[in-house]
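Here's the structure, in structure tokens; my notes come after.
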Amino acid sequence: MDPQHTTDPAWNGGEGPASPEPTAPAEPRPDAEPTAAAAAQPSAPPAPPALPPLAPGTPVEVAYGPRTGKNVALTVHGSGDPKLATALLEIAEQRGAKLTVMVVGSWLDQQPQMARRILDGGHELGNHTQNHLNISAMTPDQARAEIAQCAERLQRLTGSIGRWFRPSAAQYATPMVREQAKAVGYEHVLSFDVDPRDYNDPSAAELQRRVLNSVRGGSVVALHMGHQCTVDAMPGVLDGLAKAGLKPVTASQLCA
15 MDPQHTTDPA
25 WNGGEGPASP
35 EPTAPAEPRP
45 DAEPTAAAAA
55 QPSAPPAPPA
65 LPPLAPGTPV
75 EVAYGPRTGK
85 NVALTVHGSG
95 DPKLATALLE
105 IAEQRGAKLT
115 VMVVGSWLDQ
125 QPQMARRILD
135 GGHELGNHTQ
145 NHLNISAMTP
155 DQARAEIAQC
165 AERLQRLTGS
175 IGRWFRPSAA
185 QYATPMVREQ
195 AKAVGYEHVL
205 SFDVDPRDYN
215 DPSAAELQRR
225 VLNSVRGGSV
235 VALHMGHQCT
245 VDAMPGVLDG
255 LAKAGLKPVT
265 ASQLCA
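This is the structure we're talking about:
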């Protein structure tokens, strides 16, 4: 067993040269046009989202949170049709549920507006690599580049690289991948313990059954944007979670 996955039972989860004498500034003309330099000033970077501190003892790789509570995390791989992505977000928001969206960097290149849309809905963003390739089969330099490129896009669009990294094409990160993620700035990897395989496009009823039959307090569920079945199943999933007394929160809230 990888020791990184072994955790508390409740988890798995001198001064410089003189300055010249100041001169009085010229009086501005009321009708003066802004200079080209002023017009070219970049806008202020976005304020990074506030995240709760993680609980002491949170493992490096989280597959599930504390089993003693009633919180669960619905994590969603961010890619695909932005209309389906927006529909999924809206369903969650209408029911007060929070999602954790692990975005693919190439998707943000195509749909940069989705980064702020996700955060503005009260959800959380994480890094799911730049191109969603088999990161476990890459060299360390290749893996770091995949993580760093997505992190750069998150930083530019949101003011933060996010807290969580999730490897592509793998449930768990290898030691090499964890090392490269840490080098980029990710102290924690987000895995999952419930995989309903919505990427195979089951019926909405079947997808609901897969989620609700497996989820329990502390679970981290892996879902995907860009699939109609996931949108169709989400109302039933959220209703079922509510009946079971389970509350969908962000991954950071789950581990706080």
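Residue numbers are given in the working numbering: position 84 of the sequence shown equals residue 98, and the series is strictly consecutive.
Where is the CB? At the ideal position from N, CA and C, for every residue including glycine.
Beta-bridge partners assigned by DSSP to E75: V203. Boundaries of the alpha helix (DSSP H) harbouring M128: Q127 to D134, taken from the DSSP string. Contact annotation: L260 and G231 have beta-carbon atoms nearer than 8 Å. By the Cβ-count criterion, R224 is buried, with 16 or more other Cβ atoms from all chains shown falling within 10 Å of its own Cβ.
The criterion of a C-beta distance shorter than 8 Å is satisfied by I149 and S182. Put simply, the backbone Cα of C164 is about 6 Å away from that of N141. For A64 and D155, the gap between their C-alpha atoms comes out near 31 Å.
In the structure shown, S217 falls within a coil segment according to DSSP collapsed to helix, strand and coil.
CA-to-CA, the gap between V191 and E160 works out to about 10 Å. For G259, no beta strand (DSSP E) segment is defined, and its DSSP state is neither H nor E. Relative to H202, the option among D95, T188, D215 and A129 whose CA is nearest is T188. In the same chain as A197, and ignoring 5 residues on each side of it, the C-beta atoms closer than 7 Å to its own belong to R158, in chain order.
Remark: three or more beta-carbon pairs, one from each stretch, lie closer than 8 Å, so the segment 77 to 96 and the segment 113 to 132 are flagged as touching. Distance from the CA atom of L139 to the CA atom of R180, rounded to whole angstroms, is 11 Å. Distance from A247 to L221 at the Cβ level is roughly 4 Å; contact confirmed, criterion being Cβ atoms closer than 8 Å. Counting the other Cβ atoms within 10 Å of the Cβ of R211 gives fewer than 16, which makes it exposed. With contacts defined as CB atoms closer than 8 Å, G79 and V234 qualify as a contacting pair. L113 has L88 as its beta-bridge partners, per DSSP.
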